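The sequence shown maps to residues 387 to 550 in the numbering used here.
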Amino acid sequence: MNTTIVVYGSSTGTCEAIAEKIAQKLGCEVINVQDLTADVVNNHQNLILGTSTWGAGELQDDWYDGLKVLQGADLNAKTIALFGCGDCESYGDTFVGGLGELYNGIKDSGAKIVGAVDTDGYTFDDSEAVVDGKFVGLPLDDVNEDDKTDTRIDAWIADILPNL
Ligand SMILES: Cc1cc2nc3c(=O)[nH]c(=O)nc-3n(C[C@H](O)[C@H](O)[C@H](O)COP(=O)(O)O)c2cc1C
């Protein structure tokens with residue numbers, strides 16, 4: 387059951403496109419969080435979870451139900467990696483806050499969370515996704531820095547791959 391799945395929440399398609407790119411690079415399945423069920427969780431060893439950020443640093447809407455599915459499942463033996471889409475120029479005080487909310491929702495689940503990312507190379511004022519000086523997953527800003535997205539994804543995949 388050492389399989390990997392990418393699960394994304396996306397309101398206008400940005401996080402969806404990035405999720406598909408990550409899944410293609412990993413050669414794994416990708417689904418919208420609207421389709422996340424307990425069976426999907428149980429049937430995969432590695433969960434790659436992505437959310438965009440809405441409101442002021444909040445989760446993409448569909449993730450509120452998705453988090454309930456995750457919280458109702460046994461995540462003890464799972465490996466989880468997180469990514470988030472945001473906008474560091476217009477929302478520099480709450481940059482990828484949804485990524486932080488996703489992390490907060492699963493951090494005590496017993497899952498092994500991999501793929502923390504150095505804040506170097508990002509310009510922002512504040513982020514709930516920074517814990518102990520690092521982002522809890524991969525932040526991507528396809529609004530202002532889409533030229534950096536591929537390089538960031540490749541470096542992150544190289545980092546998480548040995549854990550999957
Ligand atoms: C009303 C609104 C609020 C937003 N709030 C934030 C925010 O707090 N932090 C952030 O980093 N990005 C924020 N964003 C930027 C989105 O996360 C970004 O555009 C993202 O690429 C959207 O991805 P999606 O189309 O997959 O939902 C916001 C965008 C809008 C339109």
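Don't be surprised by glycine CBs; every beta carbon is placed ideally from N, CA and C.
What you are looking at is a predicted structure, and each value in this text was computed from that prediction instead of being measured.
{"query": "If contact is defined by three or more beta carbon pairs under 8 Å, each pair taking one atom from either stretch, is the region 515–522 in contact with the region 494–505?", "result": "yes"}
{"query": "Restricting to Cα atoms, I'd like to know which of Pro548, Leu468 and Ser495 is closest to aspartate 460.", "result": "Ser495"}
{"query": "Any heavy atom of ligand 1 closer than 8 Å to the beta-carbon of serine 495?", "result": "no"}
{"query": "In angstroms with no decimal places, state the Cα-to-Cα distance between valine 419 and isoleucine 391.", "result": "11 Å"}
{"query": "Assign lysine 464 to buried or exposed, taking buried as 16 or more other Cβ atoms, counted over all protein chains shown, within 10 Å of its Cβ.", "result": "buried"}
{"query": "Would you decide whether aspartate 473 is buried or exposed? Buried here means 16 or more other CB atoms lie within 10 Å of its CB.", "result": "buried"}
{"query": "Exposed or buried, what is asparagine 428 when buried is set at 16 or more other beta-carbons lying within 10 Å of its beta-carbon?", "result": "exposed"}
{"query": "If we require 4 or more residues per run, which alpha helix (DSSP H) segments fall completely within the region 421–470?", "result": "424–428 and 449–457"}
{"query": "Rounded to the nearest angstrom, what separates threonine 537 and aspartate 447 at their Cα positions?", "result": "28 Å"}
{"query": "Whole angstroms is fine: what's the gap from glutamate 415's alpha carbon to alanine 544's?", "result": "18 Å"}
{"query": "Just the C-alpha distance for glycine 491 and alanine 405, rounded to the nearest angstrom, thanks.", "result": "20 Å"}
{"query": "Hey, would you say leucine 412 sits closer than 9 Å to isoleucine 434, going by beta carbons?", "result": "yes"}
{"query": "Compute the distance between the beta-carbons of glutamate 475 and aspartate 527, then report whether it is under 9 Å.", "result": "yes"}
{"query": "For a test of the three-state rule: what should DSSP assign to tyrosine 394, helix, strand or coil?", "result": "strand"}
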